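With the first letter of the first sequence counted as 1, position 370 gets the number 370 in this note's numbering; the numbers rise by one all the way through.
Beta carbons: idealized from backbone N, C-alpha and C, even for Gly.
Given the structure is predicted, the values throughout are model-derived calculations rather than measurements.
Step one of this worksheet: look at the structure below.
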Amino acid sequence: MPESDTTPTLDFIREIVADDLKAGKHAVVVTRFPPEPNGYLHIGHAKSICLNFGIAAQFGGRCHLRYDDTNPTKEEMEYIESIERDVRWLGFDWGAHLYFASDYFEQMYAWAELLVTKGKAYVCDCTPDEVRARRGTLTEAGRPGAHRDRPAAESLDLFRRMRAGEFPDGSRVVRARIDMASGNVNMRDPVIYRILHAAHPHVGDAWCVYPMYDYAHPLEDAIERITHSICTLEFEDHRPFYDWVIDECEIAEPHPRQIEFARLNLTNTVMSKRKLLQLVQERLVRGWDDPRMPTISGLRRRGVPPAAIRDFADRIGVAKRDSTVDVQLLEHCVREELNARAPRRMAVLRPVRLVIDNYPEGEHEKFEVVNNPEDPAAGTRQVEFGQTLWIEQDDVRETPPPKYWRLFPGNEVRLRSAYLVRCTGVVKDASGAIVEVHATYDPASSGGNAPDGRKVKSTIHWVAADHAVEAEVRLYDHLFPAADPGAVPEGTDWKTGINPASEEVLSGCRLEAALAGVGVGERCQFERVGYFVVDPDSTAGRPVFNRIVTLKDTWARIEKKQG
RNA sequence: UGGGGCGUCGGCAAACUGGUAAGCCACGGGACUUUGGAUCCCGCAAUUGCAGGUUCGAGCCCUGCCGCCCCAGCCA
1 MPESDTTPTL DFIREIVADD LKAGKHAVVV TRFPPEPNGY LHIGHAKSIC LNFGIAAQFG
61 GRCHLRYDDT NPTKEEMEYI ESIERDVRWL GFDWGAHLYF ASDYFEQMYA WAELLVTKGK
121 AYVCDCTPDE VRARRGTLTE AGRPGAHRDR PAAESLDLFR RMRAGEFPDG SRVVRARIDM
181 ASGNVNMRDP VIYRILHAAH PHVGDAWCVY PMYDYAHPLE DAIERITHSI CTLEFEDHRP
241 FYDWVIDECE IAEPHPRQIE FARLNLTNTV MSKRKLLQLV QERLVRGWDD PRMPTISGLR
301 RRGVPPAAIR DFADRIGVAK RDSTVDVQLL EHCVREELNA RAPRRMAVLR PVRLVIDNYP
361 EGEHEKFEVV NNPEDPAAGT RQVEFGQTLW IEQDDVRETP PPKYWRLFPG NEVRLRSAYL
421 VRCTGVVKDA SGAIVEVHAT YDPASSGGNA PDGRKVKSTI HWVAADHAVE AEVRLYDHLF
481 PAADPGAVPE GTDWKTGINP ASEEVLSGCR LEAALAGVGV GERCQFERVG YFVVDPDSTA
541 GRPVFNRIVT LKDTWARIEK KQG
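As structure tokens, this is what we get:
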């Protein structure tokens with residue numbers, strides 16, 4: 001391979017865009033993100049958002065945010081608001097280019113009349129069942145219905161009366177006249193308008209006939225002069241009709257080009273709207289924004305930084321191959337971002353008391369502690385120290401397993417940024433659990449280093465008992481332990497694959513005093529433990545933290561290998 | 001047994017369009033370390049679903065097979 005090549009390779013879509021620009025096909029590139037406001041956005045949408053807005057930014061064009069709101073029976077204002085919030089949070093800006101497909105209904109209707117007039121569309125009086133019956137199967141051609149050859153004038157009259165509200169839902173449709181024998185089922189006279197006496201969240205009850213996606217989408221793109229209409233693979237079969245509509249409606253050149261790419265699949269995650277809805281409705285999670293949900297709002301509450309999601313989208317690439325990305329790549333992006341940015345704090349999640357017997361009782365001192373070793377500009381803070389501290393249960397053993405370097409009787413460790421201490425013994429309760437640890441400190445090791453230069457193999461974190469803030473901490477893990485949650489045995493409910501330990505709520509956690517006044521959404525690293533974010537459930541004196549991701553944990557790996 | 005797509009490392013994904021298989025994640029090892037964190041090194045596809053063919057040369061071209069995904073909503 002050539003090593004001198006410094007230009008990053010373009011994915012196949014960017015290659016098309018670059019070529020079109022180079023060939024002078026378009027003056028500016030215009031893309032769009034066209035969600036239907038019928039649900040919450042998830043990480044799969046984030047891939048599309050990053051792609052569309054990313055291409056626009058990269059090639060100096062623009063990206064529209066457009067609601068594809070052609071079905072009033074499924075769409076709601078609530079979703080419109082959540083979508084805008086999520087796209088903005090991801091870091092993208094549509095400027096003045098916020099659009100609604102429903103604002104184009106008049107124009108779309110006019111084009112439909114044109115099609116009817118040209119004999120390219122007709123009103124069909126069949127029931128949904130009859131339409132289905134005549135459509136044929138995947139291997140058998142469809143059969144033309146009785147209304148197919150109705151005079152254009154009659155269809156036009158009927159269409160106008162459909163619009164006027166003379167007919168009930170489902171009684172008639174307008175269909176494109178293409179080819180009932182096509183191998184592509186989408187070309188067998190697809191329905192382009194249906195009657196729906198339903199109020200629309202954006203245009204109210206202005207209409208009782210609504211265009212179908214396949215008819216509306218190319219026209220929305222045409223109206224906005226979209227150059228590259230990027231969608232997912234399942235629409236590949238619809239592209240002939242997309243082009244048919246553009247052609248038959250006599251849209252001026254250059255025509256928008258539909259390009260399909262593979263949607264995102266993630267291991268240990270379900271992504272379908274149906275399944276996500278089920279999780280919420282059956283109270284298997286706290287809501288659409290549960291920190292375990294792959295929704296944008298869930299990722300936000302989980303504490304995932306938007307920059308990490310953008311980085312993730314860049315790294316997974318864009319292609320046509322069905323694929324499943326390892327969720328660990330997302331987690332890696334999160335760690336990388338947070339390692340650089342998140343201030344470090346000390347927090348003890350499962351506290352046990354450590355008493356330093358030779359430290360003067362009642363005395364306190366402060367140590368200056370670095371906020372982020374990766375970022376000197378983050379500065380330092382003062383942390384209180386005293387005779388009695390909280391340390392992690394996990395950092396103490398009465399009899400250490402092999403390679404365990406933390407506290408055990410006789411062993412010396414460093415209290416992060418404070419002193420070297422040597423364990424002198426542990427106090428156990430009736431059940432044998434360690435309830436208190438005793439140690440002596442080396443007064444000459446202030447700050448954590450001994451003047452004689454002796455080394456310790458371990459540094460542990462601590463919180464002064466007299467200055468601790470109490471908090472609730474929620475530990476999150478994959479909602480599904482299996483890489484492919486959809487792969488359940490026949491007859492088994494996919495929900496049985498849910499990890500019952502995916503949320504573990506810890507109370508009585510002790511945090512250093514600097515964490516007293518944190519605001520919702522603030523992120524930090526609890527040293528040696530992981531990255532955490534302040535949850536909206538926090539109250540004045542009692543913060544609630546969510547674990548975003550753990551730190552990489554070599555010891556956990558060793559422990560696992562040891563069994 | 002119709003139509004449309006897709007097969008390159010455990011997972012993503014490149015390969016200047018025929019010139020001698022990038023990178024990232026994961027995984028394994030080591031160095032270093034006041035986070036068992038971070039960082040840094042090393043290892044990880046004699047070969048691109050399979051079989052033939054064309055060519056000096058094939059992941060890229062040709063032929064045939066195999067496998068996987070999508071489509072029969074008045075959903076998007």
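Exercise for review: Could you pull out every residue in the same chain whose Cβ sits closer than 8 Å to the Cβ of Glu374, ignoring the five residues on either side in sequence?
Suggested key: The beta carbon of Glu374 is closer than 8 Å to those of Asn339, Ala340 in its chain, skipping five residues each way along the sequence.
Exercise for review: Jot down the residue ranges of each uninterrupted beta strand (DSSP E) in the segment 224–287, minimum 3 residues, whole runs only, in chain order.
Suggested key: You should have 228–232, 257–261.
Review point. Between Lys455 and Val413, what straight-line distance do the alpha-carbon atoms span, to the nearest angstrom?
Key: Going from the Cα of Lys455 to the Cα of Val413 covers about 9 Å.
Check your understanding: So, are the CB atoms of Val270 and Leu276 less than 8 Å apart?
Key -> Yes, these two residues count as a Cβ contact at 8 Å.
**Study point:** Extent of the continuous beta strand (DSSP E) run through Thr295
**Key:** Where Thr295 is concerned, there is no enclosing beta strand (DSSP E), given that its DSSP letter is neither H nor E.
Check your understanding: For Asp169, which residues of its own chain have a beta-carbon under 7 Å away from its beta-carbon, when the five flanking residues on both sides are left out?
Key -> Correct list, in chain order: Ile195, Leu196, His197.
Check your understanding: Skipping 5 residues on each side, what residues in its chain have a beta carbon closer than 7 Å to that of Ala307?
Key -> Glu337.
Practice item. Taking all protein chains shown into account, decide if Ile13 is buried (16 or more other Cβ within 10 angstroms of its Cβ) or exposed. Key: Per the 10 Å Cβ criterion, buried.
Exercise for review: Would you list the residues sitting across from Thr539 in a DSSP beta bridge?
Suggested key: Note: Thr539 sits in a beta bridge opposite Arg542.
**Study point:** Cβ pair count under 8 Å reaching 3, the segment 408–426 against the segment 324–331
**Key:** The answer is no - the segment 324–331 does not touch the segment 408–426, with fewer than three Cβ pairs under 8 Å.
Practice item. Find out if the Cβ-Cβ distance for the pair Asp477, Ala501 is shorter than 8 Å. Key: Yes.
Check your understanding: Is it the case that the Cβ atoms of Leu349 and Leu506 are separated by a distance below 8 Å?
Key -> Yes, the pair counts as a contact, with Cβ atoms nearer than the cut-off.
Review point. Considering only residues of the segment 66–143, which uninterrupted alpha helix (DSSP H) runs meet the minimum length of 4 residues and lie entirely inside it, listed in chain order?
Key: Segments of the alpha helix (DSSP H) lying fully in the segment 66–143: 77–90, 105–117, 128–135.
Practice item. Please name the residue, chosen from Ala418, Ala464, Trp494, that lies closest to Leu354 on a Cα-to-Cα basis. Key: In terms of Cα proximity to Leu354, the closest of Ala418, Ala464, Trp494 is Ala464.
Exercise for review: Give me the Cβ distance between Glu565 and Glu236, rounded to the nearest whole Å; I'm assuming they're in contact under 8 Å.
Suggested key: What is shown of the chain runs 1 to 563, which leaves residue 565 out entirely.
Point to revise | C-alpha distance - Asp5 paired with Leu479, whole-angstrom precision | key: Only weak support exists for where Asp5 lies, its pLDDT of 44 falling under 50; the value from the coordinates is given anyway. Approximately 42 Å, taken between the alpha carbons.
Point to revise | Rounded separation between Gly362 and Val549 - CA only | key: Here the alpha carbon of Gly362 sits roughly 37 Å from the alpha carbon of Val549.
Review point. Could you check where the beta strand (DSSP E) with Gly425 kicks off and where it finishes?
Key: Here the beta strand (DSSP E) through Gly425 covers 420–428.
Point to revise | Assigned secondary structure, Gln382 (DSSP; H/G/I helix, E/B strand, else coil) | key: Strand at Gln382.
Check your understanding: Quick one, which of Ile434, Gly432, Ala430, Pro409 has its alpha-carbon nearest Thr424's?
Key -> Comparing Cα positions, the closest option is Pro409.
**Study point:** Burial state of Arg542, where buried means 16 or more other Cβ atoms lie within 10 Å
**Key:** Flag for Arg542 reads exposed.
Point to revise | N-terminal and C-terminal residue of the beta strand (DSSP E) that Gln393 is part of | key: Taken as a continuous stretch (DSSP letters only), Gln393 belongs to no beta strand (DSSP E), as it is neither H nor E.
Check your understanding: Where do the ends of the alpha helix (DSSP H) carrying Pro574 lie?
Key -> In the structure as shown, the chain begins at 1 and stops at 563. Residue 574 is therefore absent and cannot be evaluated.
Check your understanding: Smallest Cα separation from Arg528: which of Thr539, Pro211, Asp394, Lys428?
Key -> When each option's Cα is compared against that of Arg528, the closest is Asp394.
Review point. Taking the alpha-carbon positions, what's the Asp429 to Val437 distance?
Key: If I take the Cα positions, the gap works out to 12 Å.
**Study point:** Nearest candidate by alpha-carbon position, reference Met180, set Tyr419, Arg32, Asn265, Ala146
**Key:** The option with the nearest alpha carbon to Met180 is Ala146.
Point to revise | N- and C-terminal bounds of the alpha helix (DSSP H) containing Glu565 | key: Outside the displayed span of the chain (1 to 563) sits residue 565, for which this structure offers no information.
Check your understanding: According to the neighbour-count rule (16 or more other Cβ atoms, all chains shown, within 10 Å of its Cβ), is Ser171 buried or exposed?
Key -> When all chains shown are included, Ser171 counts as exposed.
**Study point:** Inter-residue CB distance, Phe598 and Phe33 (contact presumed, cutoff 8 Å)
**Key:** One cannot answer for residue 598 here, as it falls past the ends of the chain, which runs 1 to 563.
Review point. Going by beta carbon distance, what residues of the same chain come within less than 8 Å of Pro481, once the five residues before and after it are set aside?
Key: If we look at Pro481 and ignore the five residues flanking it on each side, its Cβ neighbours are Asn268, Gly497, Asn499.
Review point. Thinking C-alpha only, which one of Lys25, Val29, Lys47 is nearest Arg315?
Key: Proximity to Arg315 across Lys25, Val29, Lys47 peaks at Lys47, based on C-alpha coordinates.
**Study point:** Glu398 - DSSP class collapsed to helix/strand/coil
**Key:** Looking at Glu398 - three-state DSSP - the assignment turns out to be coil, as it is neither helix nor strand.
Exercise for review: Just mark Gln562 as buried or exposed, buried being the case when its beta carbon has 16 or more other beta carbons within 10 Å.
Suggested key: Exposed is the label assigned to Gln562, since fewer than 16 other Cβ atoms lie within 10 Å of its Cβ.
Point to revise | Same chain only: Cβ atoms within 8 Å of Trp89, ignoring 5 sequence neighbours per side | key: Within the same chain, Trp89 has close Cβ partners Ile296, Arg300, Pro306.
Check your understanding: Below 8 Å between beta carbons: does that hold for Val649 and Ile434?
Key -> Since the displayed the chain opens at 1 and closes at 563, residue 649 lies outside it and no answer follows.
Practice item. Would you mind stating whether Glu472 and Cys524 have Cβ atoms separated by less than 8 Å? Key: Contact: no.
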